[in-house]
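Structure first, commentary second.
2 protein chains.
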Amino acid sequence: MTFQKRAHKILELLETYGEVDIRQLANYIGVSEVTVRRDLNSMAAKGLLYRTHGGAMKISDVIKPVSFATKAEVNLKPKDAICKRAAADIIDGDVIFIDCGSTAFRLCQFIKNKNIKVITNSLPVVNELQHSAVTINLIGGEVDVTRQAVHGTMALEHISRYHASKAFLGVDGITAEGLYAGSEHEANNTLAMAAQTSCTYMLCDASKIGKTSYLKFNDLSIVDIIVTNYNGPEVNKFESNGISVYSVTV
Amino acid sequence: MTFQKRAHKILELLETYGEVDIRQLANYIGVSEVTVRRDLNSMAAKGLLYRTHGGAMKISDVIKPVSFATKAEVNLKPKDAICKRAAADIIDGDVIFIDCGSTAFRLCQFIKNKNIKVITNSLPVVNELQHSAVTINLIGGEVDVTRQAVHGTMALEHISRYHASKAFLGVDGITAEGLYAGSEHEANNTLAMAAQTSCTYMLCDASKIGKTSYLKFNDLSIVDIIVTNYNGPEVNKFESNGISVYSVTV
DNA sequence: TCAAATTTAATCATAATTAATCAAAAGTGA
DNA sequence: TCACTTTTGATTAATTATGATTAAATTTGA
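Set out below in structure tokens:
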């Protein structure tokens with residue numbers, strides 16, 4: 001019985017029952033539980049199924065989080081420290097872009113009392129800033145429910161009509177070679193905002209630095225300032241690219 | 001019983017009842033209350049539900065802006081009857097405008113399963129339709145917090161880029177002489193949407209018929225259909241203006 | 001406001017699952 | 001055949017999930 005044959009059987013069972021457990025599989029296929037475990041792990045790595053404690057589930061049955069508006073996120077401290085530092089640069093009269101990432105969202109709590117105008121495509125940001133001193137300009141276009149954001153051609157056009165003094169953006173990954181995004185939509189928004197801004201801030205917790213993602217969408221030239229809790233060797237490379245790096249401690 | 005399976009059951013119950021309590025869940029699922037508590041906490045962290053003292057609630061029941069929800073509760077039954085009738089005219093493939101009034105908001109509940117595209121400047125409408133079959137296009141511009149809507153030049157321009165088969169609009173008052181709005185912003189939005197629509201529906205409960213407000217912004221020529229629970233003498237005047245009147249009973 | 005009742009968070013113990021290590025078996029290619 | 005890799009299974013230590021217990025926090029009602 002080869003791995004491929006077993007994988008096939010596992011997917012069959014998964015299709016029928018929605019979920020399977022290790023003992024059941026070991027019995028049915030006639031191999032040891034250790035082997036089943038190895039199979040499941042490698043299949044999960046390929047995205048063929050969702051590994052659970054004691055078994056596996058069909059991918060489509062897995063419940064995905066919907067919005068981070070109410071999400072009590074883990075690892076908030078680095079993000080909050082980064083945003084607090086970034087917010088210190090925002091002065092009354094500023095017009096700023098805030099993008100739809102979860103890091104930039106944390107900026108909201110620090111700017112509620114500032115007399116500024118915020119342009120954003122993020123629905124949680126709008127909710128958060130609604131009853132604050134801030135004036136909100138919401139970017140229009142197609143609503144992406146999973147990202148809780150507005151995207152598309154109309155959104156890009158909307159952005160191009162405005163100009164901001166500062167933009168506070170997030171990325172999926174950043175290296176000396178450039179910027180990486182999780183989707184083309186996000187990349188386009190980031191680029192559009194950066195193009196209309198005098199000074200672009202990248203808010204990156206340490207996990208983003210040195211990380212690449214599936215789409216490299218630009219070099220570092222659009223970035224003016226990186227705010228991060230990372231202080232390893234990449235920092236020098238950023239600085240030699242003409243970027244200021246604000247280091248924060250958590 | 002894995003965590004994932006329990007999560008499914010919890011969400012199922014939540015969908016049915018809107019809220020659940022810990023004891024009930026522990027009993028139903030067959031695990032200890034401690035475990036249920038842990039499950040609820042981790043699910044809340046993922047934004048899958050709203051954790052309450054002693055249980056949990058459906059997210060969508062929570063994130064609705066309170067100010068609007070209460071406003072919408074005035075005269076609910078006529079509004080619902082009107083919207084139900086209006087929704088009957090909406091067919092798969094339609095592109096519709098929904099404006100930011102409290103009446104038009106009640107339309108959402110009747111269109112969740114339709115395969116349509118909704119263009120709106122109303123934040124509550126976006127929230128309400130988020131997890132439905134509907135595709136949402138959000139109009140961009142200045143956010144008006146009190147009205148929970150998007151307004152301004154950019155909004156009007158956004159609207160002018162699209163065309164809809166039907167528009168579902170509300171007004172502050174309507175007489176044989178014309179349409180009355182509570183603010184210039186609302187008037188502009190209404191006009192802009194009507195201008196880009198093949199068939200314009202006015203959703204007016206009886207309190208709006210024959211009422212004037214501080215701004216008369218247009219005659220009745222932009223109106224194609226009035227849906228109302230009013231059946232007094234004004235109806236004939238509307239009909240002699242070439243408008244169809246759908247009468248509903250509460 | 002206070003006090004009683006309820007719910008929660010924290011700690012610990014136990015049971016189940018997993019990852020890691022190593023050895024045996026089966027396949028590979030010269 | 002022999003050396004080599006790959007796959008599999010057994011064993012054990014580490015991790016994770018769960019439940020019981022109790023102190024702390026929250027809600028409720030007077």
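Protein chains in written order, with the UniProt record's numbering: chain A, 1 to 250; chain B, 1 to 250. Every residue gets a Cβ at the ideal spot worked out from N, C-alpha and C, and that includes glycine. As the structure is a prediction and not an experimental result, all values here were calculated from the model.
query, result
"Using a Cβ-Cβ cut-off of 8 Å, state whether A/Met-154 counts as contacting chain B.", "yes"
"Once DSSP output is grouped into helix, strand and coil, what is the label at A/Asn-137?", "strand"
"Pick helix, strand or coil for A/Glu-142, following the three-state DSSP scheme.", "strand"
"The beta strand (DSSP E) with A/Val-227 in it runs from where to where?", "225 to 228"
"Under three-state DSSP, which class holds B/Val-91?", "This sequence places Ile at residue 91 of chain B; Val is not what is there. In the structure shown, B/Ile-91 sits in coil (DSSP, three-state: anything other than H, G, I, E or B)."
"Identify the residues that DSSP records as bridge partners of A/Val-245: which are they?", "A/Ile-226"
"Whose C-beta lies closer than 6 Å to the C-beta of A/Ser-132 among residues of the same chain, with five residues either side of it excluded?", "Lys-112"
"Taking C-alpha atoms, which residue in A/Phe-97, A/Leu-49, A/Leu-107 lies nearest to A/Lys-84?", "A/Leu-107"
"Identify the continuous beta strand (DSSP E) that holds A/Val-202 and give its terminal residues.", "The sequence shown places Met at residue 202 of chain A, not Val. Taken as a continuous stretch (DSSP letters only), the beta strand (DSSP E) holding A/Met-202 covers 197 to 204."
"For the alpha helix (DSSP H) that contains B/Ile-174, what are its first and last residues?", "Run containing B/Ile-174: none in the alpha helix (DSSP H); it sits in the beta strand (DSSP E), 173 to 175."
"Report the three-state DSSP secondary structure of A/Asn-218 (helix, strand or coil).", "strand"
"Helix, strand or coil for B/Ser-165? Go by DSSP, reduced to three states.", "strand"
"From the DSSP output, in three-state form, read off residue 259 of chain A for me.", "Lying outside 1 to 250, the shown extent of chain A, residue 259 of chain A is not represented and no answer is given."
"Select from A/Gly-101, A/Lys-9, A/Ile-59 the residue whose C-alpha is nearest the C-alpha of A/Lys-79.", "A/Gly-101"
"Could you have a look at B/Asn-231 and say whether DSSP puts it in helix, strand or coil?", "coil"
"Among A/Val-150, A/Thr-135, A/Ala-195, A/His-151, which one has its Cα closest to the Cα of A/Tyr-162?", "A/Ala-195"
"Return the residue from the list B/Thr-228, B/Asn-231, B/Gly-182, B/Ser-165 that minimises the CA-CA distance to B/Ile-90.", "B/Ser-165"
"Return the residue from the list B/Phe-168, B/Thr-135, B/Gly-141 that minimises the CA-CA distance to B/Ala-155.", "B/Gly-141"
"With 8 Å set as the bound, which would you pick, yes or no: does the beta-carbon of B/Gln-4 sit closer than that to a beta-carbon of chain A?", "yes"
"If we cut at 8 Å on Cβ distances, does B/Ile-139 have a partner in chain A?", "yes"
"Quick check on the DSSP output: the beta strand (DSSP E) that includes B/Arg-51 runs from which residue to which?", "50 to 52"
"When you compare only the Cα positions, how much space is there between B/Val-66 and B/Gly-173?", "Note that B/Val-66 scores a pLDDT of 39, beneath 50, so its modelled location is shaky; the value from the coordinates is reported in the next line. Looking at the two C-alpha atoms, the distance is approximately 25 Å."
"Are B/Thr-146 and B/Leu-169 close, meaning C-beta to C-beta below 8 Å?", "no"
"Under 8 Å between C-beta atoms, does B/Val-150 make it to chain A?", "yes"
"Measuring only between beta-carbons, confirm whether B/Ile-136 sits less than 8 Å from chain A.", "yes"
"Closer than 7 Å by beta-carbon distance: list the chain A residues that pair up with B/Gln-130, in chain order.", "Val-145"
"DSSP three-state label for A/Asp-99, please.", "coil"
"Are the C-beta atoms of A/His-53 and some chain B residue less than 8 Å apart?", "yes"
"In angstroms with no decimal places, state the Cα-to-Cα distance between B/Leu-129 and B/Ile-136.", "8 Å"
"Which same chain residues end up closer than 7 Å to B/Ala-69 when comparing Cβ atoms and leaving out the 5 residues on each side of it in sequence?", "With a pLDDT of 45 at B/Ala-69, under the threshold of 50, the predicted position of this residue should be treated as unreliable, and no value is reported."
"Which residues mark the beginning and the end of the beta strand (DSSP E) in which B/Met-1 is found?", "B/Met-1 -> no beta strand (DSSP E), and no H or E assigned at all."
"Any contact of the stretch 9 to 19 of chain A with the stretch 33 to 52 of chain A, i.e. 3+ C-beta pairs under 8 Å?", "yes"
"Return the first residue and the last residue of the beta strand (DSSP E) that A/Val-20 is part of.", "19 to 21"
"Measuring only the C-alpha atoms, how far is A/Ile-225 from A/Val-235?", "11 Å"
"Taking 8 Å as the cut-off, decide whether the C-beta atoms of B/Gly-209 and B/Tyr-230 are in contact.", "According to the sequence provided, residue 209 of chain B is Ile. The question's Gly does not apply to it. Cβ distance < 8 Å, so B/Ile-209 and B/Tyr-230 count as in contact."
"Which residues in the same chain as B/Leu-123 place their Cβ atom closer than 6 Å to its Cβ, once the five residues preceding and following it in sequence are excluded?", "Gln-148"
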